[in-house]
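Engineer:
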Amino acid sequence: MSKNIIITLVFVIGFTASILGQVRTPALSSSAKVIQTVGLTDIEILYSRPSAKGRKIFGEDGLIPFDKFWRTGANSATKIIFSDDITIGGKALKKGSYTILSKPGVTSWDIYFYPYETGNWSSYVEKKPIAIITSTSQKMADKVETLTISLDHISMTSALLTIKWENTKVPIPIGVQVHEKVMKSIENVLSGPSDNDYFQAALYMHEAKIDLEKALMYIQKVTNGNTPRFFHVYREALILTDLNRKAEAIVSAKKSLELSKKAGNEDFVRLNQKLIKQLSN
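Just add 813 to wherever you are in the sequence shown, counting from 1, and you've got the numbering used here.
1. Does the structure place the region 850-862 close enough to the region 985-994 that three or more beta carbon pairs sit under 8 Å?
2. Suppose contacts are defined by Cβ-Cβ distances below 8 Å. Is Leu-1088 in contact with Phe-1043 by that definition?
3. Is it the case that the region 932-940 contacts the region 957-972, given that we only count it when at least three CB pairs across the two stretches are under 8 Å?
4. Hey, Gly-918 and Phe-879: beta-carbon distance below 8 Å or not?
5. With a cut-off of 8 Å on the beta carbons, I'd call His-1019 and Leu-1051 a contact; round off their distance for me.
6. Output the boundary residues of the alpha helix (DSSP H) element that contains Asn-793.
7. Report the partner residues of Glu-979 according to the DSSP bridge assignment.
8. Beta carbon of Arg-1058, beta carbon of Ala-1015: below 8 Å?
9. Whose C-beta lies closer than 7 Å to the C-beta of Ser-896 among residues of the same chain, with five residues either side of it excluded?
10. Just list the beta strand (DSSP E) runs in the region 878-942, keeping only unbroken ones of 3 residues or longer that don't cross its boundaries, in chain order.
11. Take Ala-865 as the anchor and find which of His-966, Glu-857, Leu-876, Pro-1006 has the nearest alpha-carbon.
12. My understanding is that Asn-888 touches Ser-861, with C-beta atoms under 8 Å, so please give their C-beta distance in whole angstroms.
13. Assess contact between the region 939-958 and the region 969-987, defined as three or more Cβ pairs (one per stretch) separated by less than 8 Å. Is contact present?
14. Contact defined as beta carbons within less than 8 Å: I believe Thr-912 pairs with Ala-890. What is the distance between those atoms, to the nearest angstrom?
15. Quick one: Cα of Lys-994 to Cα of Asn-1001, how far?
16. Starting from Ser-864, trace the beta strand (DSSP E) in both directions and tell me its first and last residue.
17. With a 10 Å radius around its C-beta and 16 neighbouring C-beta atoms as the bar for buried, classify Gln-1033 as buried or exposed.
18. At the level of alpha carbons, what is the spacing between Leu-841 and Gly-867?
19. Roughly how many angstroms separate the alpha carbons of Ala-1062 and Pro-1006, rounded to a whole number?
20. Starting from the Cα of Leu-906, find the closest Cα among Ser-998, Tyr-929, Ile-967 and give me that residue.
21. For His-966, does the count of other Cβ atoms within 10 angstroms reach 16, so buried, or fall short, so exposed?
22. Just curious, the beta strand (DSSP E) that Ser-844 is in, first and last residue?
23. From the DSSP output, which residues share a beta bridge with Val-989?
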């Protein structure tokens, strides 16, 4: 075989492999994402949705036998994410990401929650779940062709995590914390700005060189308090320096120096020493 023929064959084979490598086909079970806010909590569900396609789904002669672990979806493990602590089926779950496995039964389902680690659903089967919820299954008159996991009956404090497929519906109650969070927010806002709010405002205005007198007023609301930090007082010294109030700036820098030494922060010890030397010249 000549060298030219070999090169041509290599090119053709490589070109053909390149074309084949670009072929895309739709997934047999499409991926889905559900995003819902319940009260002040964000809930996200990621799962794959198989369709019945004329098959019997649940039961001994079905696609998913009773009392056997099921990934509650297709392809990868189903994942649910909570932005805050919640209750589900009356049991507490911390905020975070979880995998859902289930065991469908004739009249009820067991739903297993595991801390999410991997999309390989079978790796969870031998692990201890963080929570197990039992929910009564319900028969529906209308058939659901494609598996649907949704959040329904949403109120300010609750929702239903609902699994529906074929003629079966499984509702699981979710409770979220609203009252405590809202009241804390109200108290924080109505009690006025915090020391950190004043510090951040002063920091921004000083760095942007905007209304230094007001920046000084803000920072002194912090430094005149009971527990000023070394970096608060150092910022006061810098603002006073830029306002050309050197004597006051030295007083603040010396106070910050002492606080820095007590805190064991050598960086601010050096910064204050440098500032005091600069202002004393």
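Don't be surprised by glycine CBs; every beta carbon is placed ideally from N, CA and C.
For clarity, every value in this text was computed on a predicted model and none was experimentally measured.
Structural biologist: If we stick to the structure as given:
1. yes
2. The residue you call residue 1088 lines up with position 275 of the sequence shown. The residue you call residue 1043 lines up with position 230 of the sequence shown. No, Cβ-Cβ distance for Leu-1088 and Phe-1043 is not below 8 Å.
3. no
4. For the purposes of this step, residue 918 is identified with residue 105 of the sequence shown, where counting begins at 1. For the purposes of this step, residue 879 is identified with residue 66 of the sequence shown, where counting begins at 1. It is a contact, given that the beta carbons lie within the stated cut-off.
5. Translated into the one-based positions of the sequence shown, residue 1019 becomes position 206. Translated into the one-based positions of the sequence shown, residue 1051 becomes position 238. At roughly 7 Å, the Cβ-Cβ gap stays under 8 Å, so His-1019 and Leu-1051 are in contact.
6. Absent from the model: residue 793. The displayed extent of the chain is 814 to 1094, so no value can be given.
7. On the sequence shown, position 166 is the one that residue 979 refers to. Val-957, per the DSSP bridge assignment.
8. One-based indexing of the sequence shown puts residue 1058 at position 245. One-based indexing of the sequence shown puts residue 1015 at position 202. Taking 8 Å as the Cβ cut-off, Arg-1058 and Ala-1015 do not qualify as a contacting pair.
9. For the purposes of this step, residue 896 is identified with residue 83 of the sequence shown, where counting begins at 1. Counting only Cβ-Cβ distances below 7 Å, and skipping sequence neighbours, we find Thr-854, Asp-855, Lys-908.
10. 891-895, 899-901, 904-906, 909-916, 921-928
11. As a working mapping, residue 865 is identified with position 52 in the sequence shown. Among His-966, Glu-857, Leu-876, Pro-1006, the Cα nearest to that of Ala-865 belongs to Leu-876.
12. As a working mapping, residue 888 is identified with position 75 in the sequence shown. As a working mapping, residue 861 is identified with position 48 in the sequence shown. The pair is a contact, with the Cβ atoms about 4 Å apart (cut-off 8 Å).
13. yes
14. Counted from its first residue, the sequence shown places residue 912 at position 99. Counted from its first residue, the sequence shown places residue 890 at position 77. Indeed, because the Cβ distance is near 5 Å, the residues count as touching under 8 Å.
15. Within the sequence shown, numbered from 1, the residue matching residue 994 stands at position 181. Within the sequence shown, numbered from 1, the residue matching residue 1001 stands at position 188. Roughly 11 Å separates the two Cα atoms.
16. Taking the first residue of the sequence shown as position 1, residue 864 is located at position 51. First-last for Ser-864: undefined, no H or E at that position.
17. To locate residue 1033, count along the sequence shown from 1; it is residue 220. Counting Cβ neighbours within 10 Å, Gln-1033 comes out buried, since at least 16 surround it.
18. Mapped onto the sequence shown, residue 841 falls at position 28. Mapped onto the sequence shown, residue 867 falls at position 54. Taking the straight line joining both Cα atoms gives about 15 Å.
19. What you label residue 1062 is simply residue 249 of the sequence shown in a count that begins at 1. What you label residue 1006 is simply residue 193 of the sequence shown in a count that begins at 1. Approximately 25 Å, taken between the alpha carbons.
20. Reading the sequence shown from its first residue, position 93 is the one you call residue 906. Of the candidates Ser-998, Tyr-929, Ile-967, the one whose C-alpha sits nearest the C-alpha of Leu-906 is Tyr-929.
21. Residue 966 sits at position 153 when you count from the first residue of the sequence shown. Under this definition His-966 is an exposed residue.
22. Here residue 844 refers to the residue found at position 31 of the sequence shown. Taken as a continuous stretch (DSSP letters only), the beta strand (DSSP E) holding Ser-844 covers 843-851.
23. By 1-based counting over the sequence shown, the position of residue 989 is 176. Answer is Ile-899, bridged to Val-989.
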